[in-house]
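Sequential numbering from 0 applies to the sequence shown in numbering that gives the first Met the number 0.
A short worksheet on the structure shown next.
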Amino acid sequence: MTPLSLRRVDAAAAALRQAVAQWRAAGMAVDFHDAAAVAQAAKTRNGAPCIAFHAGGADGAPDWDGLVRCDEWLAYAAPALAGLALPDGAAQAALALFSATPRPLSATFPYRKLTTAGLVSAGDFPEAPLALLHATEAKVWLRALPAPAQADAAIPAAIAGALHDLPVTLQFLLGASRLSRGRLSGVAPGDVLLVADHALGMRCNGLVLGWYSINEKGITVDKKLDEPYEDLADAALQAAPEEERALQGGAQDGMARIPVRLEFVLQQNKMTVGELAGLHGGQVFDLAPDAEKSVLVLANGALLGRGELVQLEDRLGVEMIDIYGGGERAD
Numbered sequence: 000m001t002p003l004s005l006r007r008v009d010a011a012a013a014a015l016r017q018a019v020a021q022w023r024a025a026g027m028a029v030d031f032h033d034a035a036a037v038a039q040a041a042k043t044r045n046g047a048p049c050i051a052f053h054a055g056g057a058d059g060a061p062d063w064d065g066l067v068r069c070d071e072w073l074a075y076a077a078p079a080l081a082g083l084a085l086p087d088g089a090a091q092a093a094l095a096l097f098s099a100t101p102r103p104l105s106a107t108f109p110y111r112k113l114t115t116a117g118l119v120s121a122g123d124f125p126e127a128p129l130a131l132l133h134a135t136e137a138k139v140w141l142r143a144l145p146a147p148a149q150a151d152a153a154i155p156a157a158i159a160g161a162l163h164d165l166p167v168t169l170q171f172l173l174g175a176s177r178l179s180r181g182r183l184s185g186v187a188p189g190d191v192l193l194v195a196d197h198a199l200g201m202r203c204n205g206l207v208l209g210w211y212s213i214n215e216k217g218i219t220v221d222k223k224l225d226e227p228y229e230d231l232a233d234a235a236l237q238a239a240p241e242e243e244r245a246l247q248g249g250a251q252d253g254m255a256r257i258p259v260r261l262e263f264v265l266q267q268n269k270m271t272v273g274e275l276a277g278l279h280g281g282q283v284f285d286l287a288p289d290a291e292k293s294v295l296v297l298a299n300g301a302l303l304g305r306g307e308l309v310q311l312e313d314r315l316g317v318e319m320i321d322i323y324g325g326g327e328r329a330d
């Protein structure tokens, strides 16, 4: 088999290119230059040194790190001084003036405070991809370009439309339990699996989105969480009472004791990302006919089988109807 020939992508360059695209979409005059273009630009600078600077981001935003040509900035800030026939002295004067100026660069990009880091000679100009910002005072080469605060707002329309229409599955959970591998291996149709932790939650792709209730209207969204959280409740998950007794009595050992997380899903609704984004409290979903007889049982996220929701004394349980084998993901 012929090995794949993969093009190497520099992570820093890719991040810089993406940030440039986001800033351009936000209206900033900035371009991406790869290492070859930067090297070519350095050759046309006629040996002019650059002022290195670090700009702290405004309002807690990420920092900026860049270079600006002495002669260009000085020609804008102090034309008379720039005309002196003292190249070395002019560079030092530009550095001193740049450092003393409260805001030496315009508010083209947001920053709180700017500090200088000395002069960079033409021979030491970075041989790496850079962003070129066309500021009022001079061209500014940026080595670090943070993404704009509202980067999501700059998503191209075509991508935004595709994301809006992506299919997702909203799961309406009844609760969960824990059973050892050994006991689960003996489960057969007709057996009842108890719901140890009863919680009517809504979940999508592993994120808990909120809570629901069941009434005569169907399924009603009681609360949509402002900050969905990842469903990582395994550590606190209870075992069914009979499982606790079996473990305490030493009825199982070795690999048979490995715990399996069981989850019980009342129903699953297919929708789009756009529809899911519109989920809100008070929203009503139709309850599937005979939903209580088609409860899905998941084992570590895989579809184990289907059963009927029953009440066993004062506990909820699912009486198994079909067992599928657990090879298929349910979400």
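Backbone N, C-alpha and C define an ideal beta-carbon position, used for all residues, glycine too.
For clarity, every value in this text was computed on a predicted model and none was experimentally measured.
Best match in the options for proximity to residue i [C-alpha to C-alpha]
i: residue 23; options: 42, 162 and 132; result: 132
i: residue 257; options: 219, 294 and 178; result: 178
i: residue 29; options: 194, 37, 204 and 18; result: 18
i: residue 120; options: 94, 98, 135 and 189; result: 94
i: residue 164; options: 13, 102, 273 and 306; result: 273
i: residue 11; options: 103, 96 and 129; result: 129
i: residue 340; options: 127, 253, 214 and 113; result: Any answer about residue 340 is impossible in this case: the structure gives the chain only from 0 up to 330.
i: residue 145; options: 200, 125, 209 and 21; result: 21
i: residue 105; options: 204, 139, 299 and 301; result: 139
i: residue 26; options: 188, 40, 186 and 147; result: 147
i: residue 185; options: 79, 255, 7 and 212; result: 255
i: residue 42; options: 123, 208 and 158; result: 123
i: residue 141; options: 65, 187, 135 and 89; result: 65
i: residue 299; options: 47, 180, 79 and 162; result: 180
8 Å Cβ cutoff, residue i in contact with chain D
i: residue 264; result: Of the protein chains in the structure, only one exists, and it is not chain D.
Host beta strand (DSSP E) of residue i (start-end)
i: residue 142; result: 138-143
i: residue 217; result: 217-229
i: residue 192; result: 191-193
i: residue 47; result: Neither: residue 47 is in no beta strand (DSSP E) and is coded neither H nor E.
i: residue 30; result: 29-32
i: residue 312; result: No beta strand (DSSP E) contains residue 312, which DSSP labels as neither H nor E.
i: residue 8; result: It is not in any beta strand (DSSP E) - residue 8 carries neither H nor E in the DSSP assignment.
i: residue 211; result: 206-214
Under the three-state DSSP convention, the category residue i falls into
i: residue 258; result: strand
i: residue 124; result: coil
i: residue 17; result: helix
i: residue 91; result: helix
i: residue 181; result: helix
i: residue 42; result: helix
i: residue 116; result: strand
i: residue 243; result: Here residue 243 scores only 49 on pLDDT, less than 50, and its place in the model should not be relied on; the value that follows carries that caveat. Note: residue 243 maps to helix in three-state DSSP.
i: residue 253; result: helix
i: residue 26; result: coil
i: residue 295; result: strand
i: residue 197; result: strand
i: residue 98; result: helix
i: residue 104; result: coil
i: residue 162; result: helix
i: residue 134; result: coil
i: residue 37; result: helix
i: residue 331; result: Lying outside 0 to 330, the shown extent of the chain, residue 331 is not represented and no answer is given.
i: residue 146; result: coil
Same chain, Cβ closer than 6 Å to residue i, neighbours up to 5 away in sequence not counted
i: residue 287; result: 266
i: residue 338; result: Residue 338 is absent from the model: the chain starts at 0 and stops at 330.
Neighbourhood of residue i by C-beta distance below 7 Å, restricted to the same chain and skipping five residues each side
i: residue 350; result: The shown model of the chain, from 0 to 330, leaves out residue 350, and the question about it has no answer.
i: residue 116; result: 51, 52 and 53
i: residue 262; result: 172, 175 and 297
i: residue 270; result: 167 and 169
i: residue 249; result: Here residue 249 scores only 49 on pLDDT, less than 50, and its place in the model is too uncertain to base an answer on.
i: residue 34; result: 126, 127 and 128
i: residue 97; result: 50, 72, 103 and 115
i: residue 291; result: 307 and 308
i: residue 15; result: 31, 128, 130 and 144
i: residue 205; result: 229 and 230
Range of the contiguous alpha helix (DSSP H) that encloses residue i
i: residue 75; result: 69-76
i: residue 273; result: 272-276
Nonlocal neighbours in the same chain, by C-beta distance under 8 Å from residue i, ignoring five residues either side
i: residue 190; result: 318 and 319
i: residue 216; result: 283
i: residue 285; result: 217 and 218
i: residue 315; result: 173, 174, 193, 194, 197, 308 and 309
i: residue 100; result: 76
Hey, is the stretch 272-282 in contact with the stretch 218-229, meaning 3+ C-beta pairs nearer than 8 Å?
Output reads yes: the stretch 218-229 touches the stretch 272-282.
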